[in-house]
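Mapping of the sequence shown onto the UniProt record's numbering: position 179 corresponds to residue 179, and the numbering continues sequentially without gaps. Note that the Cβ used here is the ideal one computed from N, Cα and C, for glycine as well. First up is the structure itself, then whatever we jot down about it.
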Amino acid sequence: MNERKMEKRAGYSLMLPALLVIGLVTIFPILYSVWMSLNDIRLTTNGFLMKFIGFSNYNVIFSSPVYWHSVWFTVYYAIVTVVAELVIGMMIALAINGIEKLKDVSLVVMLIPWSLITVISAQMWAYIYNGVYGVLNYILQVLHVIGAPVTWLGTSTSAVIAMMVADIWKTTPFVVIILLGGLQMLSKEYFEAAYMDGANRWQTFWSVTFPLLRSSIALAGLFRILQAFGIFDLPFVLTGGGPGTTTQSLAILGEQALFQNLHFGVGSAIAVSTVALVLISCLIFLSAFRSLVEGESA
């Protein structure tokens with residue numbers, strides 16, 4: 001027993017520096033943001049002054065239609081992009097896993113979008129969508145799909161769709177990597193047994209592959225939900241949150257409050273509410289996914 005206690009103490013002592021770093025760079029900023037959201041913060045010549053005002057900052061954002069528009073945009077943007085990336089990523093992962101030759105080459109080519117910095121890929125898509133010299137307009141005009149150039153980022157609907165396409169193009173490879181790793185860990189015996197029982201490819205996927213791959217799907221979905229709710233760089237470069245406030249995410253709204261308008265208390269309240277929204281969304285996703293898998297396996 002004494003040896004076990006000594007081993008546990010040694011293990012805890014080795015973990016302590018890492019835990020202190022995590023607490024310093026993660027937990028403390030979150031707690032301090034919560035405290036800032038409960039205060040009225042004013043800049044002075046000597047720094048800043050904080051005055052406790054309770055939930056007044058939350059009353060400000062919750063009574064703002066701009067805030068609720070950003071919430072709605074962030075939520076449906078995350079839902080559409082994450083679902084699309086999971087579906088497309090699954091199809092690509094199954095395709096790559098099913099080939100023997102050029103598998104490594106296919107994987108490397110597919111990872112090119114993910115390897116690009118988001119700011120650079122956003123600028124590239126801005127050139128593609130440009131209403132004057134954009135390559136998308138040129139291709140569609142050559143194919144006689146459109147008769148005149150379209151300002152893709154100039155209207156609300158087309159701007160949202162254009163941004164979703166750019167995001168799905170960039171982040172789907174991330175989903176593919178996780179799902180492909182899960183596929184390669186599955187035993188071939190399950191699939192051989194399914195084929196011997198006369199199951200076709202769709203039945204094999206839905207009854208064997210999908211249930212066995214649920215942990216990888218859940219992991220990919222959770223990571224993408226976290227990233228999608230914090231979307232900032234893509235709309236910031238591609239649309240600037242426009243036209244108007246159409247593509248203004250919660251991250252952009254918080255940045256405007258914190259760094260442009262210097263409303264630190266309101267900006268902190270937006271950040272804290274975003275974290276709460278992300279946690280709720282992750283719990284809903286896990287609950288819905290668990291119910292789907294249990295329903296199919298019942």
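- Residue range 47-52 is occupied by the beta strand (DSSP E) that includes Phe-52.
- Bounds of the beta strand (DSSP E) holding Thr-44 are 39-44.
- Ile-252 and Val-175 have their C-alpha atoms roughly 25 angstroms apart.
- Nearest to Phe-223 by C-alpha distance, out of Thr-171, Ala-193, Gln-203 and Tyr-190, is Thr-171.
- Between Leu-153 and Thr-239, the C-beta gap is smaller than 8 angstroms, which places the two residues in contact.
- One thing to note: Phe-73 has its Cβ within 8 angstroms of the Cβ of Gln-248.
- Trp-152 carries a coil assignment under DSSP once its states are collapsed to helix, strand and coil.
- Using a Cβ distance threshold of 8 angstroms, Gly-221 and Leu-94 do not count as a contacting pair.
- DSSP places Val-132 outside both helix and strand once states are collapsed to three, so it counts as coil.
- Ser-56 and Trp-35 have their C-alpha atoms roughly 13 angstroms apart.
- Secondary structure note for Trp-202: its alpha helix (DSSP H) is the uninterrupted segment 201-204.
- For Gln-260, there is no enclosing alpha helix (DSSP H), as DSSP marks it with neither H nor E.
- When C-alpha distances from Ala-193 are compared across Ser-33, Thr-204, Gln-184 and Leu-183, the shortest belongs to Thr-204.
- Just measuring C-alpha positions, the residue of Thr-274, Trp-125 and Thr-26 sitting nearest Ala-159 is Trp-125.
- One alpha carbon belongs to Ala-10, the other to Arg-4, and they sit about 10 angstroms apart.
- By the 16-neighbour rule on beta-carbons within 10 angstroms, Asn-39 is buried.
- The beta carbon of Asp-233 lies closer than 8 angstroms to those of Thr-118, Val-119 and Ala-122 in the same chain, with the five residues before and after it left out.
- Linking Val-275 to Val-142 through their CA atoms gives a straight-line distance of about 46 angstroms.
- Excluding its 5 nearest sequence neighbours in each direction, Ser-156 has C-beta neighbours in its own chain below 8 angstroms: Pro-243, Gly-244 and Thr-246, listed in chain order.
- Counting the other Cβ atoms within 10 Å of the Cβ of Asn-261 gives fewer than 16, which makes it exposed.
- Cα atoms of Asp-197 and Thr-151: separation of roughly 54 angstroms, rounded to the nearest angstrom.
- The count of Cβ pairs closer than 8 angstroms, one atom from the region 39-54 and one from the region 213-220, stays below three, leaving the stretches out of contact.
- Gly-47 counts as exposed, since fewer than 16 other beta carbons sit within 10 angstroms of its beta carbon.
- Assigned with DSSP and collapsed to three states, Lys-101 falls in coil, not helix or strand.
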